[in-house]
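Using our numbering, read the sequence shown as starting at 108 and increasing by one per residue. Have a look at the structure below before the remarks.
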Amino acid sequence: MLTMLATPAFAQSGGVLQCVTYARAVSDVDLRGNAYSWWAQAQGRYARGDAPRVGAVMAMPSFAGMRNGHVAKVSKVISDREILLDHANWSRPGMVERNVRAIDVSAKGDWSRVRIWHAGSRDLGITSYPVSGFIYGRSTPMTIAQVQRTDRGGLLSADILALAAREG
């Protein structure tokens, strides 16, 4: 009976827990649909940017063998090039992994490409994956400087920044 009560929180597709269902349940980001669509869906609803923050959702586009994309919640920022992620359905179908290592391998250090720990190989592997960016949930802490850099370099209007400064 307890299992049945817990099932709606982690709705499954084809009997396998999906990354989007897990990310929505453990983060402050409430989006639906395939992972590749989350970045576009977040525009106008959530702040977005290229810097990882604890609680943010890292959104990955459709890519080669990852046609639906992938999303994962940032659980810890280790350094400017290393984070830990909580996610599902990465190493094995339906498997939940917590505090998984991910490193920024982009040439510019902008988190546009990552390598992610894979339990099966017990390594980061050689494959790097594209990242659309980070979606900042309602409770993801941000400074004014970080707000100015959201949306991959798009500047926010002065009146929005002034309002954010008053609230901060």
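Ideal Cβ positions, reconstructed from N, Cα and C, are used throughout, including at glycine.
Mind checking residue i: buried by the 16 CB within 10 Å criterion, or exposed?
i, result
"K215", "exposed"
"V164", "buried"
"I251", "Confidence in I251 is poor, its pLDDT being 48 and thus under 50, which makes the residue's placement unreliable; the coordinate value appears in the next sentence. Per the 10 Å Cβ criterion, exposed."
"T114", "At T114 the pLDDT is 32, less than 50, meaning the model places this residue with poor confidence; the figure from the coordinates comes in the next sentence. It is exposed - the Cβ of T114 has fewer than 16 other Cβ atoms within 10 Å."
"V123", "exposed"
"G172", "exposed"
"R155", "buried"
"S239", "buried"
"S134", "buried"
"G162", "buried"
Could you say which of the options lies nearest to residue i if we only look at CA atoms?
i, options, result
"A142", "Y236, N206, H177 and D135", "H177"
"C126", "D187, V184, Q150 and R199", "R199"
"D187", "S169, N175 and D211", "D211"
"N206", "S239, D157, K180 and Q148", "K180"
"V136", "Y153, R174 and A147", "Y153"
"G232", "M167, A132, V203 and R208", "R208"
"R220", "V184, S246, R139 and F170", "F170"
"S213", "W146, D157 and V184", "D157"
"P168", "R245, Q148, G244 and S182", "Q148"
Assuming residue i and residue j make a contact with CB atoms under 8 Å, what is their CB distance in whole Å?
i, j, result
"R131", "F241", "Between F241 and R131 the Cβ distance is about 15 Å, and since that is not below 8 Å, they are no contact."
"A166", "W145", "5 Å"
Next item on the list: Mind listing, in chain order, the continuous beta strand (DSSP E) runs of no fewer than 3 residues lying wholly within the segment 115 to 185?
Entry: Here the runs fully enclosed are 154 to 156 and 164 to 167.
Notebook entry, point to check: With a cut-off of 8 Å, do at least 3 Cβ pairs link the segment 216 to 235 to the segment 182 to 199?
Noted result: Taking one beta carbon from each stretch, the segment 216 to 235 and the segment 182 to 199 have 3 or more pairs nearer than 8 Å; the two touch.
Checklist line | In chain order, each beta strand (DSSP E) run of at least 3 residues that lies wholly inside the segment 213 to 240 | finding: Every beta strand (DSSP E) stretch that sits fully inside the segment 213 to 240 and reaches 3 residues is listed by chain position as 220 to 223.
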